[in-house]
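Undergrad: I'd like to ask you about the structure that follows.
Number of protein chains: 2
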Amino acid sequence: MRRYAPVRFTDVSIEGTFWRERLETVLTRTIPSQYERLRDHGILESLTIPDPPPPLRIPPGAHGLSMQVFWDSDVGKWIESASYVLAHRRDPQTEARIDEITEWLAKAQLPDGYLNCWYLGREPEKRWTNLRDRHELYCAGHLLEGAIAYAQATGRRRLLDIMCRYVDHIAATFGTGPGQKRGYCGHQEIELALMKLYHATGTRKYLDLAAYFIDERGHAPPHYFDAEAVARGEDPAKYWFGTYEYSQSHLPVRQQRTVVGHAVRAMYMYAAMADLAADLADDSLRQTCEALWKHVTTKRMYVTAGIGPSASNEGFTQDYDLPNETAYAETCAAVALIFWAQRMLQLDCDGQYADVLETALYNGALSGLSRDGTHYFYQNPLASDGSHVRWQWHACPCCTMNVSRLVASVGGYFYSVGPGVAAVHLYGSSSAALTVDGHTVRIRQEADYPWSGRVKIGVDLDTPARFTLKLRVPGWARSAGVTLQGQPLPAPATAKGYVELDRTWQAGDVVELDLPMPVERIHANPLVQADVGLTCLRRGPLIYCLEQVDHAEAELGLLRLPRDAELLATVREDLFGGVVTVVGQARALRGDASEAPLYSSKPLDASPAALTAIPYFLWNNRGPNRMQVWVPEL
Amino acid sequence: MRRYAPVRFTDVSIEGTFWRERLETVLTRTIPSQYERLRDHGILESLTIPDPPPPLRIPPGAHGLSMQVFWDSDVGKWIESASYVLAHRRDPQTEARIDEITEWLAKAQLPDGYLNCWYLGREPEKRWTNLRDRHELYCAGHLLEGAIAYAQATGRRRLLDIMCRYVDHIAATFGTGPGQKRGYCGHQEIELALMKLYHATGTRKYLDLAAYFIDERGHAPPHYFDAEAVARGEDPAKYWFGTYEYSQSHLPVRQQRTVVGHAVRAMYMYAAMADLAADLADDSLRQTCEALWKHVTTKRMYVTAGIGPSASNEGFTQDYDLPNETAYAETCAAVALIFWAQRMLQLDCDGQYADVLETALYNGALSGLSRDGTHYFYQNPLASDGSHVRWQWHACPCCTMNVSRLVASVGGYFYSVGPGVAAVHLYGSSSAALTVDGHTVRIRQEADYPWSGRVKIGVDLDTPARFTLKLRVPGWARSAGVTLQGQPLPAPATAKGYVELDRTWQAGDVVELDLPMPVERIHANPLVQADVGLTCLRRGPLIYCLEQVDHAEAELGLLRLPRDAELLATVREDLFGGVVTVVGQARALRGDASEAPLYSSKPLDASPAALTAIPYFLWNNRGPNRMQVWVPEL
């Protein structure tokens, strides 16, 4: 059912300044600093299972759980990120660090393959007794992803072998066979990691195990989480979170049609489901994915592609409930949405998936990493009174390594190949080697994307070959000009948001794509209460925002954008190493609003005030600052 | 310092249809039905202190407290309401009921005067050990207010004598003398009740006790609530609410400059403070009141004069934090704001106090009572998806009797007298007998207020007398025409929002006041995030709202009011026995919004749609219904 396969990031060389700069920052600053944080916060030490184990650094929350139970996952994500970096540029120090971690894990692993450092260090007899809360399989999933990435980057398999033994233990422990536990993890992740392992090895049992976890989820009665609570001597009715929607285990997966609960758990699960739908040609899973996709993208997503508005469940609430200042919109959730979108995109190259992928990539996910590469947002609100600032680390550091593994492998989202097709999803200067029907096709993009929509694509191949080159026309583009060898193609064939150029290609062919990037005003659906009367500015794939620091003339909350005000894209070389800002003439309500009446029948005076908007992902790189994405119109 | 005294409601006969209808409903339906509710919910039974006490009907909340601890106060408020009704129209059945309650209380009272049915029935040894949470003095205050009202209405003093003995016990228990507890109540109320008792009796010790409670509040260390927690063997740091701002005991009262915490507690306290400021000519208390007044009315009040946006503390949050759909805006808080405003108004007849009093009266307080007089709002949000509906009773029925005692005594807010002055604060057909400098002045108002701003005031007195007739020009009025004996007074003297007519008045004098009532669009201060881009409609003292039932053409959330749309006041005889509605041509976003894109750069189509607004206080009298006060402008 999956017609396309993404071109691995290792086959794509990022050359444009935009991603090159982000990538270099992650390579040189983010990955080393994350290692230091993991070391300084005792997370690495926890892998050595000291006896007695070190005291809890993170006290248990109201529900009696400490975030330390998922420290293994942070290590796994760092290994994965660092391995992606190694794929760009080998580095003995990083490799020595991963090898050292590998040895700790080797030492910790039990003869039967079990490997969870929290349980091994504190209560090994309780392993697999609280799948609902304790993240054992989640940790296994992230360590597995790390092991696969490290093996692919370096060829060193020791960590992968360790993890495969652990997976074997998991496969023996869980399933529908006699004596097996019919459990699954409260925090999905193992499923998509197993699919990665299946894709990396071709070994069917890994796919079967992923399918088991997906298929088993949410069946009741008895609900597995209830049964294991009873087995622990607990009253399932006293579940601290209250509802299994939190972990998308309230219903069998195929019966789910609304996105609910914890956003990251949901996205990781949907990503695995999309993989399974493709590999098993499972129409019911695919239809479930499509229904969930439609739901989240038409009712429960921020304009930045941030998802999950609520802090209380780190997730979803009601349709159209998208408050701006209190938006949770976890970085991890936006990254995980990208994972899901990419998998949906491979099914039949439908641009709706690439549109959301691109929006999340350039906005709600990228915002999670500071320009200096060492500060992070966990939450990505769409407005701030200045109190929301980036942090160096977090009690739950999941987002840090999620954004770094995304950036370090960003080239992997640019291209796909399918039978007789090479597809370009993302734009930006880069070189890629694609294998289309056995032919090696070298594609060289030149584009100052996302600042400009002019894209030049050179095709190079050893012998002429016929295939279809699909070029994505983003959903934000109102028109797209295409030329071939400099000659305009007035009405090229298009399908699902892609221009299709079906011909015999030969070395030296050049296609140019022109995607005009006017500044556009976006309005939210009127059912989004939080955005009534407001507009946000978009140019190309970038959502813009206002920061107080650019508005000396007026307090941000007093700016109003007249409906007829012209907005212009303006290059600012002095900002962030050169960015396109959006400028215009707004109006500022005059006077000290705090001295103005609370209610008045007289309109407030307003005077002209310059407005400058910067790309949302760059906010809070100049100190604490008021910010807003949505601007009141006048 | 207090220059004015309100004319008691017993000296004011309400004749206009607006208040007459409300009053009759309260007299004939509300008071009897409240008695039935008190009986059916076991609240009356609790006064007889059965042995053993009946089981808890209201389970303790998270903090281990049951709302049953303040059932005495509900009885006190019902007696007060019922007594106001008796002042209008004696009724043997009601009096027999109050007399029966009196006998229960007489039987319950201990020889030393102590009288709290919760403690007496369950844990008499623990009396006065938890002033912070257990509402003993609050209950005493409401029973005292009831006793005063009953004595004034009927001349029967038995209940008042019981309560005076209780007050003597309280005065002996609390104070700065040797062996006395230096406590005060977590829920203010006793203070203003003691001031009422002082005003009713002239006995100074009641004022002194009120002053003690106000002066003692918030001193630390040791904070009294900490000390008594320690004495109970509890850790004060584990106070279930966490902060003494909740009960305005975080600072000595005179150091308070911001309104914080539980809104009703705050308002009751400020009312007592205003009384004390006047009776003691205490400038520091007055300045404190003025600062708190300015703060709440310029930063923390809804346009309906509802206050306290948050359910979590039933009170205040941050400046300009005034969400509409989740507005708590407890009915009790609006009623208590009226109490405070009236006391501030007597200081020097400053119209700013009458403006807020009137706004609360016609909007945020009156909304608490249904048209049928037997259903209530506890919370008064400014928008609803249709799920917020009136209830017959509430686990905490405080609001029911607060709104009934307000309506039953509404005439008491119309007039004041001072040296050489008769002041008219509120308009509406009524007759009143005022004593100005020893002269009896009979004032007869004819006005179809609040539907019309044309007011005719006839003055009648036995012999001509010189005094100043002050007529309030409401803050909402953009102009005010005044005629005397039919002759226009082109530029009458005015002071602090009142026209001042200083002359020798004689029988037959007629003043006419014309307050034009155009429909006005109100905008909130731009710092009120919830109201950005929205307008609300006001006509005279009434805030209007939209209900879905009046808008068959469009879902309420899709209506947009063009900035240039004309709005007209239109009498609708078929609605609520005849009301002035506001109608206009709005625009409705077309199509099914739930099928529209979540974000779009194309404006939604809109088509003309009739808009009908009704007075806010009348909403949800036609079944469950979407409602909004604030309307997006286009």
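Here the protein sequences come in this chain order: A and B.
Numbering-wise (the numbering used here), the first sequence opens with residue 1 and increments by one.
Numbering-wise (the numbering used here), the second sequence opens with residue 635 and increments by one.
Beta carbons are placed, not taken as given, at the ideal position from N, Cα and C, and that holds for glycine.
All values derive from a computational prediction rather than experimental measurement.
1) Per DSSP, G418 (chain A) is paired with what?
2) State yes or no: is the C-beta of Q882 (chain B) within less than 8 Å of the C-beta of R899 (chain B)?
3) Using only CA atoms, which one of B:Q1119, B:V646, B:Y800, B:S1021 lies nearest to L739 (chain B)?
4) Give me the chain B residues within the contact set of P603 (chain A), using Cβ-Cβ distance strictly less than 7 Å, ordered along the chain.
5) Our contact map puts G141 (chain A) next to I190 (chain A) with C-beta atoms below 8 Å; I'd like the distance itself, whole angstroms only.
6) Quick check on the DSSP output: what are the complete alpha helix (DSSP H) runs of length 4 or more inside the region 347–385 of chain A, in order along the chain?
7) How is G557 (chain A) classed by DSSP in three states: helix, strand or coil?
8) Assuming contact is defined by CB atoms lying nearer than 8 Å, are L515 (chain A) and V579 (chain A) in contact in what I supplied?
9) Could one say the Cβ of A593 (chain A) lies closer than 8 Å to chain B's Cβ atoms, at least one of them?
10) With respect to the beta strand (DSSP E) encompassing P726 (chain B), which residues constitute its N-terminal and C-terminal limits?
11) Give the single residue among A:L137, A:R57, A:V7, A:V303 whose Cα lies nearest to the Cα of C396 (chain A).
12) Please list the partners that K933 (chain B) has in chain A, where partner means a Cβ-to-Cβ separation under 9 Å.
13) Identify every run of the beta strand (DSSP E) within the region 469–510 of chain A, keeping only runs that are complete inside it and at least 3 residues long; order them along the chain.
14) On the CB-based measure, 16 or more other CB atoms within 10 Å of its CB, does V1023 (chain B) come out buried or exposed?
15) Consult DSSP for V519 (chain A) and reduce its assignment to one of helix, strand or coil.
16) Pull up the distance between the alpha-carbon of E737 (chain B) and that of Q814 (chain B), whole angstroms please.
17) Going along the chain, which residues of the region 1243–1267 of chain B sit with their C-beta nearer than 9 Å to a C-beta in chain A?
18) Taking the C-alpha atoms as reference points, what is the distance between S944 (chain B) and H1185 (chain B)?
19) Any C-beta of chain B within less than 7 Å: which residues of the region 552–567 of chain A qualify?
20) Give the list of continuous alpha helix (DSSP H) stretches no shorter than 4 residues that lie fully inside the region 785–857 of chain B.
21) Candidates A:E290, A:V260, A:H63: which alpha carbon is nearest K635 (chain A)'s?
22) Spatial neighbours of E228 (chain A) within its chain, please: C-beta separation below 6 Å, excluding the five flanking residues on both sides.
23) Compute the distance between the beta-carbons of G1045 (chain B) and S1064 (chain B), then report whether it is under 8 Å.
24) May I have the straight-line CA-CA distance separating V1263 (chain B) from A1244 (chain B), to the nearest angstrom?
25) Taking 8 Å as the threshold (beta carbon to beta carbon), is P111 (chain A) in contact with chain B?
26) I'd like to know whether the C-beta of P687 (chain B) is nearer than 8 Å to at least one C-beta of chain A.
27) Is the distance from the Cβ of Y353 (chain A) to the Cβ of A341 (chain A) below 8 Å?
28) State buried or exposed for S1113 (chain B), treating a residue as buried only when at least 16 other CB atoms are found within 10 Å of its CB.
29) Quick one: what does DSSP say F18 (chain A) is sitting in, helix, strand or coil?
30) Identify whether V303 (chain A) lies in helix, strand or coil by the three-state DSSP scheme.
31) For L690 (chain B), list the residues DSSP reports as bridge partners.
32) Between which two residues does the beta strand (DSSP E) containing V85 (chain A) stretch?
33) Where does V864 (chain B) land, buried or exposed, given buried means 16+ other C-beta within 10 angstroms?
34) For L956 (chain B) and M273 (chain A), I'd like the C-alpha separation in whole angstroms.
35) What's the call for T664 (chain B), buried or exposed, on a 16-neighbour Cβ count within 10 Å?
36) What in chain B is Cβ-close to G533 (chain A), meaning under 8 Å?
TA: Quick look at the numbers:
1) Per DSSP, A:V421.
2) Contact check for Q882 (chain B) against R899 (chain B) passes: the beta carbons are separated by less than 8 Å.
3) Looking at the Cα atoms, B:Y800 is the closest of the given residues.
4) Per Cβ cutoff of 7 Å: H1157.
5) Indeed they touch by this definition, with Cβ atoms about 4 Å apart.
6) For the alpha helix (DSSP H) assignment, the uninterrupted runs of no fewer than 4 residues enclosed by the region 347–385 of chain A are, from N- to C-terminal side, 351–359.
7) Look at G557 (chain A) here: in three-state DSSP terms it is helix.
8) Annotated as distal: L515 (chain A) and V579 (chain A), with beta-carbon spacing of 8 Å or more.
9) Closer than 8 Å: yes.
10) For P726 (chain B), no beta strand (DSSP E) run applies; the uninterrupted alpha helix (DSSP H) run containing it begins and ends at 726–742, by DSSP.
11) Selected option, being the one with the closest Cα: A:R57.
12) Chain A residues near K933 (chain B): S594, L598.
13) Counting only runs of 3 or more, we get 481–484, 493–495, 498–505.
14) Flag for V1023 (chain B) reads exposed.
15) Collapsing the DSSP output to three states places V519 (chain A) in a strand.
16) The straight-line gap from Cα to Cα measures roughly 30 Å.
17) Residues of the region 1243–1267 of chain B with a C-beta less than 9 Å from any C-beta of chain A: P1266, E1267, listed in chain order.
18) Straight-line Cα distance between these residues: approximately 30 Å.
19) Answer in chain order: G557, L558.
20) If we require 4 residues or more, the alpha helix (DSSP H) runs fully inside the region 785–857 of chain B come out as 792–807, 824–835, 838–850.
21) No statement about residue 635 (chain A) is possible, as the shown extent of chain A runs from 1 to 634 and does not include it.
22) There are no such residues.
23) Yes, they are a contact pair.
24) Distance between the alpha carbons of V1263 (chain B) and A1244 (chain B) is about 16 Å.
25) Among the CB atoms of chain B, none fall inside 8 Å of the CB of P111 (chain A).
26) Between P687 (chain B) and chain A, the shortest Cβ-Cβ separation is not below 8 Å.
27) Taking 8 Å as the Cβ cut-off, Y353 (chain A) and A341 (chain A) qualify as a contacting pair.
28) Under a 10 Å Cβ-count criterion, S1113 (chain B) is classified as exposed, with fewer than 16 other Cβ atoms of the shown protein chains found around its own Cβ.
29) Taken through DSSP and simplified to helix, strand or coil, F18 (chain A) comes out as helix.
30) Coil, per DSSP.
31) Under DSSP, L690 (chain B) forms no beta bridge with any residue.
32) That residue, V85 (chain A), is in no beta strand (DSSP E); its alpha helix (DSSP H) goes 71–88.
33) Exposed, since its Cβ has fewer than 16 Cβ neighbours within 10 Å.
34) Roughly 43 Å between the two C-alpha positions.
35) Buried, by the Cβ-count rule.
36) Per Cβ cutoff of 8 Å: V1166, G1167, L1168, P1266, E1267.
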